[in-house]
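Each remark here refers to the structure printed beneath this line.
There are 2 protein chains.
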Amino acid sequence: MNAAESTILDRGFGGTTVNAVIEQADVSKGAFFHHFSSKAELGRQLVQRYADKDTQHLEQTLVKAEGLSDDPLQQLLIFVKLFEQEIESLEEPFPGCLFASYLQQSELFDDNILDIIRESMLLWRTRVLEKLKTIEKRYSHHNDVDLESLADMLMVIFEGSFVLSQSLNENKIIAQQLAHYHNYLKLLFEEKP
Amino acid sequence: MNAAESTILDRGFGGTTVNAVIEQADVSKGAFFHHFSSKAELGRQLVQRYADKDTQHLEQTLVKAEGLSDDPLQQLLIFVKLFEQEIESLEEPFPGCLFASYLQQSELFDDNILDIIRESMLLWRTRVLEKLKTIEKRYSHHNDVDLESLADMLMVIFEGSFVLSQSLNENKIIAQQLAHYHNYLKLLFEEKP
DNA sequence: ATTTACAAACCAACCAGTCGGTATGTTATA
DNA sequence: TATAACATACCGACTGGTTGGTTTGTAAAT
């Protein structure tokens, strides 16, 4: 299943054959179809697992950030910074996002699968938006920005920087872009001296 | 070729069969292979055409923005705003970016093709970076941000918002995110009253 | 003794690509 | 102007190989 995931991240779901997966995983075809009723079912279980890990990662990082400060703005800034550091500490190039991979071939998947992805992405929106609303209450900032799209911007920067880092082979791009999001939040909400 | 492009944007290159393309385009298999020596050659010609249009679009919009103001910061802000308006004026959902589609299946393409994409993306970096450097000279801003990654951020926001808008079926996301980039640039460089 | 976990051989459908042939020009020659 | 010579655009049946998926056999675990 890990083998399948990395192959699909390299070649896309449609460009990945079952034969390629079982060769990579070093199992027989019989074993494959014993575990998965079809290739589509593999695709479903793969996103499901990926989405679960993604959600878990989101929640854990949020809890961690909340433990490091009482101030909601600082919590959010730390939250972003934690991802920044995490990405920075990778030495292999980032493997890519399965969600984006699936979405680039959305006609190959049925709506249930696309719903799993949508739910995962909406959870990011929700969690960040909650923080932003708390911040808005506490800080009287004069800029009136749309908070929902500002929350979405985190995922936008993730997905966008994955694409660029893939093309330019520059892993650092991801952390740099997260730093810009971090900076943008500071400029929007932080009290000026 | 238009038919091929839209099919590939929906299903990815690996998930698109030649039969699907010729059916969509309503041509015979003979005609297809008369014009393209192979499926891979179609892929090559398709990105080449897409990259040419992309570059042209970039340069034209830049010229247009430069014609609307003498101030480099205003030029860049107008530049972003022009894309924002362009996206807003679309009524059909945005079809997606062929570059991102290819990059999600990078193992399916040879290096020449990936180079075409890289060159296109680097041109965006170059053009925006030029403007940012001019702005930096003219405006004495105290924030010291990395200009190269700030230039990259435009493409990051494009690609990232394409992904999100594809998943959430919300076309407005793209314009909203461009507005945030616009706002970020203003906060970074614009003189405070 | 039955179920689970796998392996190997196998299958029909489909794939990218080929091939012999046709229709429609275009140019050269007379 | 008529015709021969050639070029380009195109067709769709066909092919060898690959695809996702099945069937049958078997060895271990319960």
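Residue numbers (our numbering), protein chains in the order written: chain A, 1 to 193; chain B, 1001 to 1193. The C-beta atom is built at its ideal place from N, Cα and C for all residues, glycine as well. Please read these numbers as outputs of a predicted model, since none were measured by experiment.
To the nearest angstrom, report how far apart residue i and residue j are at their CA atoms.
i, j, result
"Glu190(A)", "Gly1015(B)", "47 Å"
"Leu1168(B)", "Val1063(B)", "33 Å"
"Leu1082(B)", "Gln1060(B)", "11 Å"
"His1034(B)", "Glu1041(B)", "12 Å"
"Ile117(A)", "Phe109(A)", "11 Å"
"Lys1172(B)", "Phe1079(B)", "18 Å"
"Asp1071(B)", "Gln177(A)", "26 Å"
"Lys186(A)", "Ser1089(B)", "32 Å"
"Leu77(A)", "Ile135(A)", "11 Å"
"Phe32(A)", "Ala3(A)", "12 Å"
"Glu5(A)", "Ser101(A)", "11 Å"
"Gly67(A)", "Lys133(A)", "19 Å"
"Glu1092(B)", "His180(A)", "31 Å"
"Ala151(A)", "Ser1038(B)", "44 Å"
"Ile87(A)", "Leu1154(B)", "20 Å"
"Gln1085(B)", "Ile1174(B)", "10 Å"
"Leu1009(B)", "Asp1026(B)", "18 Å"
"Phe162(A)", "Gly1160(B)", "9 Å"
"Gln45(A)", "Phe36(A)", "9 Å"
"Gly30(A)", "Met1(A)", "15 Å"
"Lys131(A)", "Lys137(A)", "10 Å"
"Asn183(A)", "His1182(B)", "14 Å"
"Phe1158(B)", "Phe158(A)", "12 Å"
"Asp1144(B)", "Glu1107(B)", "38 Å"
Enumerate in chain order the residues of its own chain whose CB-to-CB distance from residue i is below 6 Å, with the five nearest sequence positions on each side excluded.
i, result
"Tyr139(A)", "Phe189"
"Val1018(B)", "Lys1039"
"Leu1073(B)", "Ile1135 and Phe1189"
Going by alpha carbons, who is nearest to residue i out of the options?
i, options, result
"Cys1097(B)", "His1180(B), Lys1053(B), Asp1071(B) and Val1080(B)", "Lys1053(B)"
"Ser165(A)", "Leu132(A), Ser6(A), Leu62(A) and Pro95(A)", "Pro95(A)"
"Asp1111(B)", "His1035(B), Gly1043(B), Trp1124(B) and His1057(B)", "Gly1043(B)"
"Leu114(A)", "Gln48(A), Glu170(A) and Val128(A)", "Gln48(A)"
"Gly12(A)", "Leu103(A), Ser69(A), Ser89(A) and Ala179(A)", "Leu103(A)"
"His57(A)", "Glu92(A), Leu123(A), Lys39(A) and Gln45(A)", "Leu123(A)"
"Asp1146(B)", "Glu1084(B), Asp1026(B), Val1128(B) and Pro1093(B)", "Val1128(B)"
"Arg1125(B)", "Val1156(B), Asn1183(B) and Leu1073(B)", "Val1156(B)"
Can you list the residues of chain A that residue i reaches, using a CB-CB cut of under 7 Å?
i, result
"His1057(B)", "None at all; the shortest Cβ gap to chain A is about 18 Å."
"Ala1100(B)", "Gln104 and Val163"
"Gln1176(B)", "Asp146 and Ser149"
"Gln1166(B)", "Leu103 and Ser106"
Spatial neighbours of residue i within its chain, please: C-beta separation below 7 Å, excluding the five flanking residues on both sides.
i, result
"Thr7(A)", "Thr16, Ala20, Val21 and Gln24"
"Ala1065(B)", "Gln1075, Ile1078, Phe1079 and Leu1082"
Since residue i meets chain A, which of its residues come closer than 8 Å, beta carbon to beta carbon?
i, result
"His1180(B)", "Val145, Ser149, Leu150, Met153 and Tyr184"
Keeping to the same chain, check which residues put their C-beta closer than 8 Å to that of residue i; ignore five residues upstream and five downstream.
i, result
"Ser120(A)", "Ala51, Asp54, Thr55 and Phe99"
"Ser1028(B)", "Ile1022"
"Gln105(A)", "Gly12, Phe13 and Gly14"
"Ser1069(B)", "Gln1075 and Ile1078"
"Ser1149(B)", "none"
"Glu170(A)", "Leu164"
Please compile the residues from chain B whose C-beta is within a distance smaller than 8 Å of the C-beta of residue i.
i, result
"Phe158(A)", "Gly1160"
"Glu107(A)", "Asp1010, Arg1011 and Gly1015"
So which residues on chain A does residue i lean against when the C-beta distance must stay under 9 Å?
i, result
"Leu1062(B)", "Under the 9 Å cutoff, chain A gives no residues; its nearest Cβ is about 20 Å from Leu1062(B)."
Would you mind telling me which residues of chain B sit closer than 9 Å to residue i, beta carbon to beta carbon, in chain order?
i, result
"Leu68(A)", "Per Cβ cutoff of 9 Å: no residues; Leu68(A) is ~25 Å from chain B at best."
* To do: Note down, in chain order, all residues in the stretch 2-27 of chain A with a beta-carbon under 9 Å from any beta-carbon belonging to chain B.
  => The residues in question are Thr7, Leu9, Asp10, Arg11, Gly12, Phe13, Gly14, Gly15 and Thr16.
* **Positions along the stretch 113-135 of chain A whose CB lies within less than 8 Å of some CB in chain B** => Leu114, Ile117, Arg118, Met121 and Leu122
* Asked: What residues in the stretch 1070-1090 of chain B bring their beta carbon closer than 9 Å to a beta carbon of chain A?
  -> none
* Selection of the stretch 29-48 of chain A by Cβ proximity to chain B, strictly under 9 Å -> none
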